[in-house]
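Student: From first to last, the protein sequence lines stand for chains A and B.
By the count of numbering that gives the first Met the number 0, the first sequence reaches residue 148 at its end, each step adding exactly one.
By the count of numbering that gives the first Met the number 0, the second sequence reaches residue 163 at its end, each step adding exactly one.
Once you've had a glance at the structure underneath, I'll fire off some questions.
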Amino acid sequence: MTLDRTDRAILNRMQDDLPLVSNLYGAIAQELGISESELLSRLTRLREDRVITRFGPFFDAAAMGGAFCLCAMAVPDEDFETVLTKVNAHPEVAHNYERTHRLNMWFVLATETAKGIGDTAKAIQMETGIEVLQFPKLQEFFIGFRVAA
Amino acid sequence: MIDAKDRQIIEALQGGLPFVPAPFAQVVETLGMAEDALLSRLAELKARGVIRRIAAAPNHYKLGMTSNGMTVWDVADDQISELGTHIGALPFVTHCYERPRALPDWPYNLFAMVHGTNRAEVEEKRNQISAILGGACRAKDILYSTRILKKTGLRLKTNEQVKG
Numbered sequence: 000m001t002l003d004r005t006d007r008a009i010l011n012r013m014q015d016d017l018p019l020v021s022n023l024y025g026a027i028a029q030e031l032g033i034s035e036s037e038l039l040s041r042l043t044r045l046r047e048d049r050v051i052t053r054f055g056p057f058f059d060a061a062a063m064g065g066a067f068c069l070c071a072m073a074v075p076d077e078d079f080e081t082v083l084t085k086v087n088a089h090p091e092v093a094h095n096y097e098r099t100h101r102l103n104m105w106f107v108l109a110t111e112t113a114k115g116i117g118d119t120a121k122a123i124q125m126e127t128g129i130e131v132l133q134f135p136k137l138q139e140f141f142i143g144f145r146v147a148a
Numbered sequence: 000m001i002d003a004k005d006r007q008i009i010e011a012l013q014g015g016l017p018f019v020p021a022p023f024a025q026v027v028e029t030l031g032m033a034e035d036a037l038l039s040r041l042a043e044l045k046a047r048g049v050i051r052r053i054a055a056a057p058n059h060y061k062l063g064m065t066s067n068g069m070t071v072w073d074v075a076d077d078q079i080s081e082l083g084t085h086i087g088a089l090p091f092v093t094h095c096y097e098r099p100r101a102l103p104d105w106p107y108n109l110f111a112m113v114h115g116t117n118r119a120e121v122e123e124k125r126n127q128i129s130a131i132l133g134g135a136c137r138a139k140d141i142l143y144s145t146r147i148l149k150k151t152g153l154r155l156k157t158n159e160q161v162k163g
């Protein structure tokens, strides 16, 4: 799969905040100088190729009375897949990355209540027998996540 | 806080918007409300910060950003607010947070995500952060991501799961 200039322009535009209008794709297509049907077929292909993992509203659990928390575990290599299955089975695990460190599994819990973080971390700890370290944010210095395509 | 109608809307949209003309009109078919009413509810949720933005989440790896480094730093507590603001403003830092240390294993309290097309590029950016932190930084490390294990975003439990 290769991305042409139009694909890249679409990806850059789609990472910025989009308007809440009925004719959402038509408005974006017009900005990009392509037809709505071309935009929709390219978006469909980009999602099929998993270049776009998700499109839609990004919700802030904290603003709903819930919470987010980054967590980490030191998982022995031989148990990695078994532990992964148990961790990912929790719907509260919003994303999860393998990283190069003794603490090699890093995931974000998103829960509807602040208490849900501790409860889920405790449940994962019980199920896996591995300590779940919690790193809640104390201060946020920037939020403007965007990758140039 | 959110009410029952908001919750229903969030449940309908957490999987994402369809790639069809008038996507909100398709969503309201399952919600039993008018499209205008949905759009104004969504605008309200956005004004309250429940919705941060409407956007696409790309797969960095597929965009050639194959090196993803979580740089972590042990920064003097009395300087972290000022230095964190500085680091967070760097154009190549996508997320920057102060988080608690987990002593003795984890002395780091500043986390800054840096992406690049290769590790050399990430290291070079990391050196720029290091230069800014200077003597206020006592220890540092970098954790590269080697695999996406899950990426679904926030999921509300269905009522059935909550009862169970």
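Don't be surprised by glycine CBs; every beta carbon is placed ideally from N, CA and C.
Computed from a predicted model, the values in this text were never measured in an experiment.
Given that residue 34 of chain B touches chain A, what residues does it touch there, using C-beta distances under 9 Å?
Tutor: Residues of chain A passing the Cβ test: 21.
Student: Quick one: is residue 12 of chain B buried, meaning 16 or more other Cβ sit within 10 Å of its Cβ, or exposed?
Tutor: Looking at its Cβ environment, which holds 16 or more other Cβ atoms inside 10 Å, residue 12 of chain B is buried.
Student: Per DSSP, residue 95 of chain A is paired with what?
Tutor: Residue 95 of chain A pairs with A/106, B/149.
Student: Classify residue 146 of chain B: buried if its beta carbon has 16 or more other beta carbons within 10 angstroms, exposed otherwise.
Tutor: That one is exposed.
Student: Return the first residue and the last residue of the alpha helix (DSSP H) that residue 94 of chain B is part of.
Tutor: Per DSSP, residue 94 of chain B belongs to no alpha helix (DSSP H); it is in the beta strand (DSSP E), 92-97.
Student: Whole alpha helix (DSSP H) runs in the region 32-72 of chain B with 4 or more residues, listed along the chain?
Tutor: With a minimum length of 4 residues, the continuous alpha helix (DSSP H) runs that stay inside the region 32-72 of chain B are 34-46.
Student: Have a look at B/101, B/65, B/74 and flag the residue whose alpha-carbon is nearest the alpha-carbon of residue 120 of chain B.
Tutor: Comparing Cα-Cα distances from residue 120 of chain B to each of B/101, B/65, B/74, the minimum goes to B/65.
Student: Residue 51 of chain A versus chain B: which residues are under 8 Å apart at the beta carbon?
Tutor: Simply 55, 56, 57, 58.
Student: Could you confirm whether any beta carbon from chain A is found closer than 9 Å to the beta carbon of residue 164 of chain B?
Tutor: Summary: the structure shown does not reach residue 164 of chain B, with chain B confined to residues 0 through 163, and so no result is reported for it.
Student: With which residues is residue 140 of chain B paired in a DSSP beta bridge?
Tutor: DSSP lists B/71 as partners of residue 140 of chain B.
Student: Considering only the beta carbon of each residue, do residue 106 of chain B and residue 138 of chain B sit closer than 9 Å?
Tutor: Contact flag set, yes.
Student: Please classify residue 84 of chain A as buried or exposed, where buried requires at least 16 other C-beta atoms within 10 Å of its C-beta.
Tutor: That one is exposed.
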